[in-house]
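Trainee: If you scroll down you'll find the structure; I have some questions about it.
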Amino acid sequence: MAAAFFRIGRFYFYMQPKFSFNEALYQVLYKHWSGQPLLPAEQVMFEAWIAEPDNAAVWEELNDEFLLQQQLKEWQSYDAQATWQQFLQLRDEATPVKKPFISRQLFRWSAAAAVFAGIAIGSYVYFQPTSTPTNTTVTQVADVLPGSSKAMLILDDGSTIDLDTAHNQVIQQGSSAAQLQGGSLHYQNNVNSHTIAYNTLKTPRGGQFQLTLPDGSLVWLNAASSIRFPTSFQNAERVVDVTGEVYFEVAQNVNKPFRVNVNKQARVEVLGTSFNIHAYDDAPNMQTTLLAGSVKVSAGVHTALLRPGQQAQLGTGNMRINKNVDIAKVMAWKNGLFDFQDASLQDVMLQLSRWYDVEIEFRGAIPATEFWGKMGRNLTLMQVLKGLEGSGVHFKLENNGKKLIVLPS
1 MAAAFFRIGR FYFYMQPKFS FNEALYQVLY KHWSGQPLLP AEQVMFEAWI AEPDNAAVWE
61 ELNDEFLLQQ QLKEWQSYDA QATWQQFLQL RDEATPVKKP FISRQLFRWS AAAAVFAGIA
121 IGSYVYFQPT STPTNTTVTQ VADVLPGSSK AMLILDDGST IDLDTAHNQV IQQGSSAAQL
181 QGGSLHYQNN VNSHTIAYNT LKTPRGGQFQ LTLPDGSLVW LNAASSIRFP TSFQNAERVV
241 DVTGEVYFEV AQNVNKPFRV NVNKQARVEV LGTSFNIHAY DDAPNMQTTL LAGSVKVSAG
301 VHTALLRPGQ QAQLGTGNMR INKNVDIAKV MAWKNGLFDF QDASLQDVML QLSRWYDVEI
361 EFRGAIPATE FWGKMGRNLT LMQVLKGLEG SGVHFKLENN GKKLIVLPS
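Quick note: the sequence shown uses full-length UniProt numbering, first residue 1, plus one each step.
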């Protein structure tokens, strides 16, 4: 099926077999729009985009608070059910309308706005509105809340601190100190420390946390992840150990290389850069994705030097380099999203099990279903399952929401 624009009322939908949007650009726009600092590579991308006069006009609209409020009111008052039915009819007929210049601009605005709202702009398969009738059933029980900022700090002596109950306090450990504030822990660099303690920060299933290392490097931990780190970087190298999924923005120090040991299987060496490590035990492979800078990934006899936008995939006895990575998909978890682009049912269930801390059980044959779309990680589990209804998969929650059963279609 060829890509096409469809118009329903004043709104335009873009439909094609697979995503071709520059998702990384939308993430950069959202990041800049929400006041977050951009990485050097992201700044270059933003400046190149806004140099186009039409884009500059769109950006001006996105920063017009009054206009955004008016657009929001219009969307809230729009008949979503009727719009969805019209879209399904147009999709089946597959008759594109002529694509006027204004529709392209409106589409750009709608795409960016959708990213800001955490709503997926679908491709060939859309997540349907929850009011759309389907033959899918989700057995209603007590809902499961989304994950949140929570972690356990294990000190060098084995004692533990529950960080989600210890609010806004200073953690003193010998001559080292760390400030706990909200969902983050900030270590201060103490160059005069004579003793180095090694702590471990662990997030449970259903948790995430942010850490500032003593050298100023920033670390984000996804659910069911951990990092072991020193309270002071006194040695010639800065070395940490991680499991699960962790994103780094490393403070540059050419005199002290930064090294990450991953699951005791691989090593990532950097000077100053931004990268994501995905290394869950139940994942089919370990992935290191580079956003900016340069890293060297080593595992056994395999070594690879990555450039921005590349990903090293480490399997059993082999390493593969993906040179065309969807950065927005890789970083969706850090940006508060589930990105189910070209995701199998098993992939989707793995993500849900970690974030909502539920056990997954498949009953019968696993449907060969592929999912396309995005959802906010701030949704409850029942809201997410409702959003997946269009796939034709049946779900049931048991054991007070601690077990999610996937039933045969």
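Ideal Cβ placement from N, Cα and C applies to all residues, glycine included.
Any heavy atom of the ligand GTP inside 8 Å of the beta-carbon of E42?
Mentor: Questions concerning the ligand GTP fall outside what the structure shown contains, since it holds no ligand whatsoever.
Trainee: Taking only the alpha-carbon atoms, compute the straight-line gap between L38 and R363 and give it to the nearest angstrom.
Mentor: Taking the sequence shown and counting its residues from 1, one reaches residue 38 at position 38. Taking the sequence shown and counting its residues from 1, one reaches residue 363 at position 363. Their Cα atoms are separated by approximately 45 Å.
Trainee: So, are the CB atoms of I366 and L397 less than 9 Å apart?
Mentor: Translated into the one-based positions of the sequence shown, residue 366 becomes position 366. Translated into the one-based positions of the sequence shown, residue 397 becomes position 397. No. Outside cutoff.
Trainee: Is M331 helix, strand or coil by DSSP?
Mentor: Residue 331 sits at position 331 when you count from the first residue of the sequence shown. Coil.
Trainee: Name the DSSP bridge partner or partners of A177?
Mentor: Position 177 of the sequence shown, counting from 1, holds the residue named residue 177. Note: A177 sits in a beta bridge opposite Q172.
Trainee: Helix or strand or just coil, what does DSSP make of V199?
Mentor: Counting from 1 along the sequence shown, the entry for residue 199 is found at position 199. Note that residue 199 is Asn in the sequence shown, not Val. Residue state, collapsed to three classes: strand.
Trainee: Closest Cβ-Cβ distance between F258 and chain C: below 9 Å?
Mentor: Although the question refers to chain C, the structure presented lacks it and comprises just one protein chain.
Trainee: Would you report the Cα separation of V295 and L221, rounded to the nearest angstrom?
Mentor: Working through the sequence shown from its first residue, we reach residue 295 at position 295. Working through the sequence shown from its first residue, we reach residue 221 at position 221. Answer to the nearest angstrom: the Cα atoms are 19 Å apart.
Trainee: Just to confirm my understanding: we take V28, look at its own chain, exclude 5 residues before and 5 after, and list those with CB closer than 6 Å. What are they?
Mentor: As a position in the sequence shown, residue 28 is number 28, starting the count at 1. Hits under 6 Å: E42, M45 and F46.
Trainee: Going by the DSSP bridge assignment, what does residue 459 pair with across the sheet?
Mentor: Because residue 459 is not part of the residues shown, which for the chain are 1 to 409, the question remains open.
Trainee: Counting C-beta neighbours from all protein chains within 10 Å, is the total for L306 16 or more, i.e. buried, or is it exposed?
Mentor: For the purposes of this step, residue 306 is identified with residue 306 of the sequence shown, where counting begins at 1. By the 10 Å Cβ count, L306 comes out buried.
Trainee: When the Cα atoms are used, what is the spatial distance from S298 to P204?
Mentor: Taking the sequence shown and counting its residues from 1, one reaches residue 298 at position 298. Taking the sequence shown and counting its residues from 1, one reaches residue 204 at position 204. Between S298 and P204, the C-alpha separation is close to 28 Å.
Trainee: Can you tell me whether DSSP reads H32 as helix, strand or coil?
Mentor: Counting from one through the sequence shown, the residue named residue 32 turns up at place 32. DSSP places H32 in helix when its eight states are reduced to three.
Trainee: Whose CA, out of N399, L404 and I327, lies closest to the CA of V348?
Mentor: Here residue 348 corresponds to residue number 348 of the sequence shown, with the count starting at 1. The shortest Cα separation from V348 among N399, L404 and I327 belongs to L404.
Trainee: For E269, tell me which candidate among N253, A56, D281 and D164 has the shortest Cα-Cα distance.
Mentor: Residue 269 sits at position 269 when you count from the first residue of the sequence shown. The residue with the shortest Cα to Cα distance from E269 is N253.
Trainee: Less than 6 Å between C-beta atoms, sequence neighbours within five positions excluded: which residues of the same chain meet that for F340?
Mentor: Here residue 340 refers to the residue found at position 340 of the sequence shown. V348, F371 and G373.
Trainee: What three-state label does DSSP hand Q313 in the structure shown?
Mentor: Counting from 1 along the sequence shown, the entry for residue 313 is found at position 313. Residue state, collapsed to three classes: strand.
Trainee: Taking the straight line between their C-alpha atoms, what separation do you get for A368 and V393?
Mentor: By 1-based counting over the sequence shown, the position of residue 368 is 368. By 1-based counting over the sequence shown, the position of residue 393 is 393. So the two alpha carbons sit approximately 10 Å from each other.
Trainee: Here's the rule: buried if 16 or more other CB atoms are within 10 angstroms of the residue's CB, otherwise exposed. What is Q181?
Mentor: By 1-based counting over the sequence shown, the position of residue 181 is 181. Exposed is the call here.
Trainee: If you drop the 5 nearest sequence neighbours on each side, which residues of the same chain put their C-beta closer than 7 Å to that of V330?
Mentor: The residue you call residue 330 lines up with position 330 of the sequence shown. Excluding residues within five positions, the ones whose Cβ falls inside 7 Å are N276 and T289.
Trainee: Do the CB positions of D281 and N263 come within less than 9 Å of each other?
Mentor: Translated into positions along the sequence shown, residue 281 becomes position 281. Translated into positions along the sequence shown, residue 263 becomes position 263. Closer than 9 Å, so yes.
Trainee: When you compare only the Cα positions, how much space is there between Q177 and K150?
Mentor: What you label residue 177 is simply residue 177 of the sequence shown in a count that begins at 1. What you label residue 150 is simply residue 150 of the sequence shown in a count that begins at 1. In the sequence under discussion, the amino acid at residue 177 is Ala, which differs from the Gln named in the question. One C-alpha to the other measures close to 20 Å.
Trainee: Going by DSSP, what residue range makes up the alpha helix (DSSP H) through A292?
Mentor: Taking the sequence shown and counting its residues from 1, one reaches residue 292 at position 292. Not the alpha helix (DSSP H): A292 falls in the beta strand (DSSP E), residues M286 to A292.
Trainee: Terminal residues of the continuous beta strand (DSSP E) containing P230?
Mentor: Counted from its first residue, the sequence shown places residue 230 at position 230. Start and end: S226 to P230.
Trainee: Taking D164 as part of the beta strand (DSSP E), name the residues at either end of that continuous run.
Mentor: As a first step, residue 164 must be located in the sequence shown, where it is residue number 164. No beta strand (DSSP E) holds D164; DSSP gives it neither H nor E.
Trainee: What do you get for Q173, buried or exposed, if any count of 16 or more other CB atoms within 10 angstroms of its CB means buried?
Mentor: Translated into the one-based positions of the sequence shown, residue 173 becomes position 173. Result: buried.
Trainee: I need the boundaries of the beta strand (DSSP E) containing L185, first residue and last residue.
Mentor: Reading the sequence shown from its first residue, position 185 is the one you call residue 185. First-last of the beta strand (DSSP E) with L185: S184 to Y187.
Trainee: By the DSSP assignment, the alpha helix (DSSP H) with N55 in it spans what residues?
Mentor: Counting from 1 along the sequence shown, the entry for residue 55 is found at position 55. Here the alpha helix (DSSP H) through N55 covers P53 to L62.
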